[in-house]
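Novice: Okay, so the sequence shown: first residue is 406 according to my numbering, each after it adds one. Where a beta carbon is used, it is the ideal one built from N, C-alpha and C, also for glycine. Structure below; questions to follow.
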Amino acid sequence: MKLLLIEDNATMQTTLRRSFERRGIQVLGCEDGARALGMWQASLPDAVLLDLSLPGVDGLQVLSQARAAGLTTPVIVLTARGTVGDRILGLNTGADDYMAKPFDLDELEARVRALVRRSNQSELAASQSPVWCGMQVDRDSGAVYFAGQPMELAPRELAMLHALLGKPGHAMAKERLFELVFPGQKEVQPEAIEVVAYRLRKKIAHTGAQLVTLRGLGYLLKSTTA
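Written out as structure tokens, the structure reads:
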């Protein structure tokens, strides 16, 4: 895990850096609000610990700029400003958590780890499509998983399954599937799509999904458990 610590108090920064590094967490330090956003963008940390009282550009401005730039890194605000109004302002600006100084180091570490864990889970969920008949497409890699395991599919079988999983239970025209499975390959005969469908049908037979041929219409995926 890598943290970006934006804190202008040298004693506080040294204390936090030593404490986290003893716990196996890498810490990058920044003492200046004006340089904080650049370091944030360059280092892409797993979490940010942000002091509000910074020289030049204060912590709320740094946080606002980061969110406007599309940085979604979890942020814990660390500050001596402990009023309810300050906490609300920080959270509304884009902070994920708030700890008033002085704080317990063990609690801070627990909050950091919890935030990073939730962030990773959210990113994983966002990268995956909904599960259908135990099958799920990873949008980042394009792989299709069944019951958590990658399915062994040839590229054309994978392209057909991607297309049909986009709208399971809905028919897709044979001509449209051909365009998706054989893009720009005018030399390939239209009947080749039937061979791909035959192979794919056998490979998904164990999933609870059935590849159905609709004469004159095309193909669809149907759940055998419905």
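Spell out the partners DSSP gives Val617 in its beta bridges.
Specialist: Answer is Leu625.
Novice: With DSSP collapsed to three states, give me the class of Ile493.
Specialist: Looking at Ile493 - three-state DSSP - the assignment turns out to be helix.
Novice: For Met577, tell me which candidate among Gln590, Ala602 and Met556 has the shortest Cα-Cα distance.
Specialist: Looking at the Cα atoms, Ala602 is the closest of the given residues.
Novice: On the three-state DSSP scale, how would you describe Pro352?
Specialist: The requested residue 352 does not occur in the structure, where the chain is confined to residues 406 to 631.
Novice: Return the chain-ordered list of same chain residues with a C-beta closer than 6 Å to the C-beta of Thr629, the five sequence neighbours on each side being excluded.
Specialist: Gly613 and Gln615, listed in sequence order.
Novice: Could you check if Glu412 is buried or exposed, using at least 16 other CB atoms within 10 Å of its CB as the buried criterion?
Specialist: Buried, by the Cβ-count rule.
Novice: Give me the residue from Glu514, Pro507, Asp456 and Asp502 with the minimum Cα distance to Ile430.
Specialist: Of the candidates Glu514, Pro507, Asp456 and Asp502, the one whose C-alpha sits nearest the C-alpha of Ile430 is Glu514.
Novice: In the DSSP assignment, find the alpha helix (DSSP H) that holds Val600 and state where it starts and stops.
Specialist: Element bounds for Val600: Ala597 to Lys608.
Novice: Have a look at Pro450 and Pro588 and give me their C-alpha separation to the nearest angstrom.
Specialist: Approximately 40 Å between the Cα atoms of the pair.
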